[in-house]
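Below: one structure, written as structure tokens.
There are 2 protein chains.
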Amino acid sequence: MQFSKSTDYALHALIHLGLPERDTNVGIKELSATLGVSESYLSKIMSKLRQDGIVRAVPGVNGGYELARPADQITFLDVIQVIEGRQQLFECSNMNSRQHQLLAQEGAAQQEQPARNGCLVEKVMEGAEEHLHQYLREHTIQTVLDEALKHRSHESHKK
Amino acid sequence: MQFSKSTDYALHALIHLGLPERDTNVGIKELSATLGVSESYLSKIMSKLRQDGIVRAVPGVNGGYELARPADQITFLDVIQVIEGRQQLFECSNMNSRQHQLLAQEGAAQQEQPARNGCLVEKVMEGAEEHLHQYLREHTIQTVLDEALKHRSHESHKK
DNA sequence: TTTATCATAGACTTCACAGGTCCATAATTG
DNA sequence: CAATTATGGACCTGTGAAGTCTATGATAAA
Ligand code: SF4
Ligand code: SF4
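These protein sequence lines are chains A and B, in that order.
According to our numbering, the first sequence is numbered sequentially starting from 8.
According to our numbering, the second sequence is numbered sequentially starting from 8.
Written out as structure tokens, the structure is:
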């Protein structure tokens, strides 16, 4: 139960792209150097981000990547779901075990409530997932950027 | 990013143990039969649960498992952490990349705040984890049991 | 139009771990 | 003692994360 390193890399790459001093496109070389990740691997991640419309990419001389929309509209959930896929937190196995008959079919399947498919365990887990997603939706790349820039200005002010 | 099947099995096993008609210990054979999971694999899971004090086990004739504490004191989080381990949702790699210097060390490490180790990305992720854990702490095996028994009594009442 | 520069996509390798089986041993009860 | 039950370790297998390499394609500057 952990997020993959790719998600880590993707988040950091997007943060780098969101830095204000970056006016022009930034190439895979620069990203690779600042993140400390190989170009080939990182390019795969960026490619995924592009396919899902998180970043734009332009090939050729002076090409590179840039955010496809403002940093405050790129949520953590967006990034995570692109990289990790949209699989559920809890996927029920053994739907045909004897126990399932007792737990799930007791109130259902007797044509009293037509589409009462929700199982009890899954209901709890889906609630957990929804809570997690809600939180991740409220935090964007800009959230991190703001914190970083606040510190930075504080430092330059002191100097 | 998914919970393992073992967690699934563990939850179902505990639910079975929590059923009221179970007055005596229930052996691995019965559990295996109701869950549809092999005895050998399931016994490993039960063993883990015992080591962490979730269930008690007694060997020998008429032995088996029983809940070590009331079902409303066994939270989903308990079970998940026993099976999945207590690893963090987000483990930062590349703490020594160039980017880390910019993001994390800006406000820290200049002897102004002594133990200001918290990074920005990690802070968001830890918040997410805390939210998730909080929810999982509020839901116990009893939660599921209540739902199941409510349906059951409803059925028997109708009959 | 050529050429250098960049991104893209696929094949491939390596490694760790989930998921699962099997067996030998220990503890308990009757 | 004997039957029954849980425990622990060794072992196998498939899958997917993590990463490399290379050929192809698009673009802009010269
Ligand atoms: S009770 Fe719920 S989680 Fe369990 S097998 Fe049935 S549907 Fe799946
Ligand atoms: S900025 Fe935070 S998440 Fe990124 S490398 Fe540093 S400590 Fe880790």
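Cβ coordinates follow ideal geometry from the N, Cα and C atoms, glycine included.
Using a Cβ-Cβ cut-off of 7 Å, E98/B is close to Q9 of chain A, given in chain order. Against S104/B, the close residues of chain A are T41, L42, G43, in the order they occur along the chain (beta-carbon pairs closer than 7 Å). The continuous beta strand (DSSP E) containing G71/B extends over residues 71-74. The C-beta distance from V62/B to L24/B rounds to 7 Å, short enough to fall under 8 Å. Relative to ligand 1, even the nearest heavy atom lies 7 Å or more away from the CB of V89/B. Within the same chain, I22, G25, A78 come within 7 Å of L152/B by CB-CB distance, once the 5 residues on both sides are set aside. Neighbourhood of E154/B in chain A, by CB distance below 7 Å: L127, in chain order. Here T41/A is buried. Its C-beta has 16 or more other C-beta atoms within 10 Å. Annotated three-state conformation of V68/A is coil, per DSSP. In terms of side-chain proximity, the C-beta atom of L127/A is found nearer than 7 Å to a non-hydrogen atom of ligand 1. When secondary structure is reduced to three states using DSSP, R93/B falls in the coil class, being assigned neither helix nor strand. Taking 7 Å as the Cβ-Cβ cut-off, the region 132-147 of chain A approaches chain B at G134, A135, H138, L139, Y142, L143, H146, given in chain order. Closest option to M8/A, judged by alpha-carbon separation, among L96/B, T82/B, K12/B, G60/B: L96/B. Put simply, the region 126-137 of chain A touches the region 136-143 of chain B. At least three CB pairs are less than 8 Å apart. Judged by DSSP in its simplified three-state form, V62/A adopts strand. With a contact defined as Cβ atoms closer than 8 Å, C99/B and D59/A miss out at about 24 Å. When distances are taken from the beta-carbon of H138/A to the heavy atoms of ligand 2, even the shortest one reaches 7 Å or more. If you draw a straight line from the Cα of G71/A to the Cα of K12/A, it is about 22 Å long.
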